[in-house]
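The block underneath contains the structure these notes are about, expressed in structure tokens.
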Amino acid sequence: MQEMSPTVPGFTNPKVLGLLYSVVVQFQPKTCVEIGSFMGRSASVISLALAALGGGRRLICVDLFDTKVDQNFVQLPLIREIMKYAESSKGQYCDLTRISTIGDCFDLTTERFPHMLENVTKIQCDSASDWNSGRDTFDFSYIDGDHTYEAVKRDALSVMRYANAGHCMVFDDYSTQFPGVVRFVEELKSHQA
Ligand SMILES: C[S@@+](CC[C@H](N)C(=O)[O-])C[C@H]1O[C@@H](n2cnc3c(N)ncnc32)[C@H](O)[C@@H]1O
Numbered sequence: 658m659q660e661m662s663p664t665v666p667g668f669t670n671p672k673v674l675g676l677l678y679s680v681v682v683q684f685q686p687k688t689c690v691e692i693g694s695f696m697g698r699s700a701s702v703i704s705l706a707l708a709a710l711g712g713g714r715r716l717i718c719v720d721l722f723d724t725k726v727d728q729n730f731v732q733l734p735l736i737r738e739i740m741k742y743a744e745s746s747k748g749q750y751c752d753l754t755r756i757s758t759i760g761d762c763f764d765l766t767t768e769r770f771p772h773m774l775e776n777v778t779k780i781q782c783d784s785a786s787d788w789n790s791g792r793d794t795f796d797f798s799y800i801d802g803d804h805t806y807e808a809v810k811r812d813a814l815s816v817m818r819y820a821n822a823g824h825c826m827v828f829d830d831y832s833t834q835f836p837g838v839v840r841f842v843e844e845l846k847s848h849q850a
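Following this note's numbering, the numbering of the sequence shown begins with 658 at its first residue and continues without gaps.
This is the structure we're talking about:
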């Protein structure tokens with residue numbers, strides 16, 4: 658598995674991004690949804706895989722997108738850390754004359770990667786509400802929003818309502834750091850057993 662690290666700030670690590678790319682290329686989904694897109698790091702990789710496959714594939718990105726990006730935000734140690742991923746584009750993500758929300762950062766990522774302009778739709782929405790007003794159905798999903806058990810369960814079940822047969826669902830952060838993700842994934846596995 659090849660690690661991938663697009664020059665986009667964010668949380669999905671290069672190993673998981675490499676995995677996501679391979680799974681999408683192998684699975685060949687027509688329609689995908691990502692819950693929790695932040696500045697578009699994982700979305701840029703899913704989108705790249707869809708572009709490589711060709712044939713009018715689509716990715717819907719759902720996030721609150723309204724988190725304020727200001728001087729305090731960009732100085733937070735965690736944000737400074739993830740900004741390093743942007744390399745020479747870091748200045749663009751921290752340009753507060755242009756950027757005021759996470760959604761603005763996502764738009765910047767979309768503009769930087771032409772394949773995203775082709776196949777990504779941004780939905781600014783709480784995933785607890787009706788994020789799928791177009792009633793799309795999905796072949797693939799990446800669940801990376803709020804990591805509490807209740808929210809992971811809610812997000813996964815809401816995607817399942819619109820899942821096509823053979824749907825592939827990927828969860829980020831299945832680790833002891835995020836017990837809510839582990840608890841839900843284990844529950845899901847025991848139901849499928
Ligand atoms: C871990 S980050 C996503 C990281 C992203 N996938 C990446 O590769 O950088 C989690 C995201 O979930 C979003 N989020 C949290 N609660 C949400 C909710 N109720 N509805 C929609 N998005 C939510 C946050 O705004 C944040 O951008």
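In this text, a Cβ means the ideal position worked out from N, Cα and C, and glycines have one as well. Note that the structure is a prediction, hence the values are computed from the model and not measured.
Since Lys747 is in the alpha helix (DSSP H), which residue starts that stretch and which ends it? Here residue 747 refers to the residue found at position 90 when the sequence shown is read from its first residue. In this chain, the alpha helix (DSSP H) harbouring Lys747 covers Lys747 to Tyr750.
Proximity below 8 Å, CB of Ala708 to CB of His804: As a working note, residue 708 is residue 51 in the sequence shown. As a working note, residue 804 is residue 147 in the sequence shown. No, Cβ-Cβ distance for Ala708 and His804 is not below 8 Å.
In the structure shown, what three-state DSSP assignment does Asn789 receive? The residue you call residue 789 lines up with position 132 of the sequence shown. Annotated three-state conformation of Asn789 is coil, per DSSP.
Exposed unless 16 or more other CB atoms sit within 10 angstroms - verdict on Leu753: Along the sequence shown, read from residue 1 onward, the residue named residue 753 stands at position 96. With a threshold of 16 other beta carbon atoms within 10 Å, Leu753 falls short and is exposed.
Would you mind giving the Cβ-Cβ distance between Cys825 and Phe797, rounded to the nearest angstrom? I have them listed as a contact below 8 Å. Translated into the one-based positions of the sequence shown, residue 825 becomes position 168. Translated into the one-based positions of the sequence shown, residue 797 becomes position 140. Contact between Cys825 and Phe797 is confirmed by a C-beta separation of about 5 Å, below the 8 Å threshold.
For the alpha helix (DSSP H) containing Gly760, list its first residue and its last residue. The residue labelled residue 760 in the question sits at position 103 within the sequence shown. Element bounds for Gly760: Ile759 to Arg769.
Rounded to the nearest angstrom, how far is the Cβ of Cys718 from that of Ile780, given a contact under 8 Å? Taking the first residue of the sequence shown as 1, we reach residue 718 at position 61. Taking the first residue of the sequence shown as 1, we reach residue 780 at position 123. Their Cβ separation, rounded to whole angstroms, is 7 Å, which keeps Cys718 and Ile780 in contact under 8 Å.
Please state if the CB of Ser704 and the CB of Asn776 are separated by a distance shorter than 8 Å. Position 119 of the sequence shown, counting from 1, holds the residue named residue 776. Position 47 of the sequence shown, counting from 1, holds the residue named residue 704. Closer than 8 Å, so yes.
Rounded C-beta distance between Gly697 and Phe722? I'm assuming under 8 Å. Taking the first residue of the sequence shown as position 1, residue 697 is located at position 40. Taking the first residue of the sequence shown as position 1, residue 722 is located at position 65. Rounded to whole angstroms, the Cβ separation of Gly697 and Phe722 is 10 Å, and the two are not in contact under 8 Å.
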